[in-house]
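Counted the way mature numbering (1 follows the signal peptide of the UniProt record, and there is no 0) counts, the sequence shown spans residues -19 to -1, 1 to 132.
The structure appears below as structure tokens.
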Amino acid sequence: MRCLLAVLCAVTLAAPAGAATLYYGARIGMELTIVKKSGIGSTHASILARHDRRKARLYCREYGHDFTQECIDAEMKAPLHFEITANCKTGEFTTFYGAAMLFQGRNKGTDVTTDYRITAVDEKAVLDGSGASGYDYTLDQFKALCPKRVK
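Spelled out as structure tokens, the structure:
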């Protein structure tokens, strides 16, 4: 019993307090560890994240079927922006790819079948919910920044 308690304490201490992740892509392992949150739900919401070698290894192994250190190193160097921001009042936000987005609330009366309408500002394109559009992980990033806007 003491051994079990000692192991549980060690695991609890080794894990970062409140550690969570957010996906930056649709494939397994394409996730970043959240380092800091500030202003969540406000006009200056921000989340700072970092890459994790374990996740990069998982991506290489499970998606790329590549077990090399070169794959992991390349994934760790993926051109990402490690801070995402949002103005939860206007719905403007950025993604880990650095894309400017606009969350426009519930999707009503459009050809797109998603629950919420999100527009990629620079491309002037509405995310259509397909895997190629990145709708799911983009919505999750906005939801992490502005949880009360997505119900």
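Each residue gets a CB set at the ideal place from its N, CA and C atoms; glycine is no exception.
Note that the structure is predicted; figures quoted are calculated from it, not measured.
| Check | Outcome |
| --- | --- |
| Whose C-beta lies closer than 7 Å to the C-beta of His32 among residues of the same chain, with five residues either side of it excluded? | Leu13 and Met57 |
| How would you call Gln50, buried or exposed, if buried means at least 16 neighbouring beta carbons within 10 angstroms? | exposed |
| Pull up the CB-CB distance for Leu108 and Ala26, whole angstroms please, since I reckon it's below 8 Å. | Contact doesn't hold; Cβ gap of about 20 Å is too wide. |
| Given a cut-off of 8 Å on the beta-carbon distance, is the pair Thr2 and Ile15 in contact? | yes |
| Residues in its own chain within less than 7 Å of Gly22 by CB, not counting five upstream and five downstream? | Cys69, Cys127, Pro128 and Lys129 |
| Assess contact between the segment 34 to 42 and the segment 4 to 13, defined as three or more Cβ pairs (one per stretch) separated by less than 8 Å. Is contact present? | yes |
| Specify the secondary structure class of Thr100 as computed by DSSP and reduced to three states. | strand |
| If we ignore side chains and look at the alpha-carbon of each, how far apart do Pro60 and Gly79 end up? | 9 Å |
| To the nearest angstrom, report how far apart Tyr4 and Gln122 are at their CA atoms. | 8 Å |
| Taking the DSSP output, what are the residues bridged to Ile65? | Ile28 |
| Would the beta-carbon of Thr71 fall within 8 Å of that of Met82? | no |
| Among the candidates Asp54, Leu29 and Thr91, whose CA atom is the shortest distance from the CA of Arg38? | Asp54 |
| From Ser19, Lys124 and Arg34, pick the residue whose C-alpha is nearest to that of Gln85; which is it? | Lys124 |
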